[in-house]
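One structure is given below, encoded as structure tokens.
In this note's numbering, the protein residues as written are 4 to 478.
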């Protein structure tokens, strides 16, 4: 905001007027733009200050200057000229970011393929449908949406030779709207992904703590948290960006206060999940001790549960939660790159890890796939045997085989074969019912009596704990 400063109201220091502060009339107010300190300045002037002392390469640019325009309305321009303060190797930061982009593109691509397959498996097998796997399916969908939106956003952005320090990423005018839509979808998917991770933590915590849990009543609440809560934060961010930072593809955050509209709910979800994780570990420790397991088995199961919970709850995000862009802009380039690498690497490969741990290596999923394969193979075998038997009977009825009394002993016992395999109509019915592994008449002794097969290490402990409540101590 512009201000009018009469000469008599100027501040004094050691009896003297501030050299840069005694301007009558309209001025650009002194400010710090998170890069350099700018003094008061007259409108329509260019202000220059020395390159900031905190730059890692300050010795190289100690004689350089950074420039900023004071506009006619008494406002400093948003764009400054810091070309004299760049490192002698301005491409270094850009090359590092380019390598990071390659890594997370590979990670999101692998995660996308694995998650689509995992989601298809959980949707296809109805016996796997239960509250836990329903939450997993929504989590997989949020990971898919996140990976897709990030890859689409990168594809829509115009890429120069590489990222350059001080160079903006621009888009063509005709694709600006589509690029902004992709940015909005990316921010929504990131929020939704974090809140479905929070739902996983809330459900697991309630499973361990609540004795009687009416799961169906809570699933609607979980969906509101996972898909609805992000809209509460994304919509205000879109309005603010459109009104105050409606530039290019909305990639840059000129005013970091607006960025906190998105960052604060993510940070809140991460912190809540971290405290849930700590409490879950304490509960698991107490329940494993109550089972009087051997110390080696006890340590192994606890470590396994802990390691599988970390990607499910996104605990790795806590490492650099409080290392913000503002706190790392003052020369801590190595810390900023470290934070950026860890965030991009783990976030991009997290979906792949979750798909592997909670689908591909899950015993219930493997069991259902094996049953499906056995039923399909059995159906094929029965169909082949039916075709072979049916063709033999047709040949005998048509008289294509000349039967001699001396050869009767060599012919197969048709009565025995027919009685063993049943009539052709029965075989055809059995084959048709067995097609695609969907036979209801083919049952295996390993098929569980329950309508769903959902369990995990933590849930096994809970079920045993509830079944033997008399022998276990309550937390």
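Don't be surprised by glycine CBs; every beta carbon is placed ideally from N, CA and C. Predicted, not measured: the structure shown is a model, and the values here were computed from it.
For the beta strand (DSSP E) containing residue 83, name the first residue and the last one. 79-84
The beta strand (DSSP E) spanning residue 72 covers which residue range? 68-73
Report yes if the CB atom of residue 138 is closer than 9 Å to the CB atom of residue 193, and no otherwise. no
Whose C-beta lies closer than 8 Å to the C-beta of residue 261 among residues of the same chain, with five residues either side of it excluded? 240, 243, 244, 247 and 248
Spell out a yes or no on whether the segment 31-48 and the segment 68-87 are touching, meaning 3 or more CB-CB pairs, one atom from each, closer than 8 Å. yes
In whole angstroms, give me the CA-to-CA distance for residue 3 and residue 135. No answer is possible for residue 3: the residues shown for the chain start at 4 and end at 478.
In terms of residues, what are the limits of the beta strand (DSSP E) holding residue 53? 48-53
Looking only at its own chain, which residues have a Cβ that is under 6 Å from the Cβ of residue 279, when we skip the five neighbours before and after it? 204 and 208
Note down, in chain order, each residue of its chain lying with its Cβ closer than 8 Å to the Cβ of residue 38, except the 5 sequence neighbours on either side. 55, 69, 83, 85 and 332
Nonlocal neighbours in the same chain, by C-beta distance under 8 Å from residue 258, ignoring five residues either side: 247 and 248
Below 8 Å on the Cβ atoms is my contact criterion, and I expect residue 293 with residue 121 to pass it. Report the Cβ-Cβ distance as a whole number of Å. Between residue 121 and residue 293 the Cβ distance is about 33 Å, and since that is not below 8 Å, they are no contact.
Using DSSP bridges, identify the partner residues of residue 34. 41
Distance check for residue 386 and residue 201, CA to CA, integer angstroms please. 49 Å
Identify whether residue 452 lies in helix, strand or coil by the three-state DSSP scheme. Because the pLDDT of residue 452 is 40, which lies under 50, any placement of that residue in the model is unreliable, and the question is left without a value.
Should the segment 118-133 be called in touch with the segment 365-372, which here means at least 3 C-beta pairs below 8 Å? yes
Cβ of residue 360 within 8 Å of any heavy atom in the ligand HEM? Because no ligand of any kind appears in the structure shown, any question about the ligand HEM cannot be addressed here.
Since residue 198 contacts residue 144 with CB under 8 Å, what's their CB separation in whole angstroms? In fact, because the Cβ distance is near 13 Å, the residues do not count as touching under 8 Å.
Do residue 188 and residue 235 have their C-beta atoms closer together than 9 Å? no
Which of helix, strand or coil DSSP assigns to residue 29: strand
Residue 426, buried or exposed, once every other Cβ within 10 Å from all chains shown has been counted against 16: Only weak support exists for where residue 426 lies, its pLDDT of 48 falling under 50; the coordinates are left without a value.
How big is the Cα-Cα spacing for residue 228 and residue 71? 45 Å
DSSP state of residue 348, grouped into three classes? helix
Beta-carbon spacing of residue 237, residue 190 below 9 Å: yes
Assign residue 1 to buried or exposed, taking buried as 16 or more other Cβ atoms, counted over all protein chains shown, within 10 Å of its Cβ. Only positions 4 to 478 of the chain appear in this structure, which leaves residue 1 out of reach.
Please classify residue 64: is it buried, with 16 or more other beta-carbons within 10 angstroms of its beta-carbon, or exposed? buried
What did DSSP end up calling residue 248 once you bin it into helix, strand or coil? coil
If you compare alpha carbons, which of 32, 61, 290 and 347 is closest to residue 110? 347
Does residue 256 come out as helix, strand or coil in the three-state DSSP assignment? coil
Alpha carbon of residue 114 to alpha carbon of residue 30, nearest angstrom: 54 Å
For residue 353, which residues in the same chain have their Cβ closer than 6 Å to its Cβ, ignoring the five residues on either side in sequence? 314
Where does residue 222 fall in DSSP's three states? helix
Going by beta-carbon coordinates alone, are residue 344 and residue 106 separated by less than 9 Å? yes
Would you say residue 276 and residue 318 are within 9 Å of each other, going by their C-beta atoms? yes
So, with DSSP's three-state summary, where would you put residue 384? helix
On the premise that residue 182 lies in contact with residue 252, defined as a C-beta separation below 8 Å, what is that separation, rounded to the nearest angstrom? 4 Å
Contacting residues, own chain, Cβ-Cβ under 7 Å from residue 148 (five flanking each side not counted): 192 and 195
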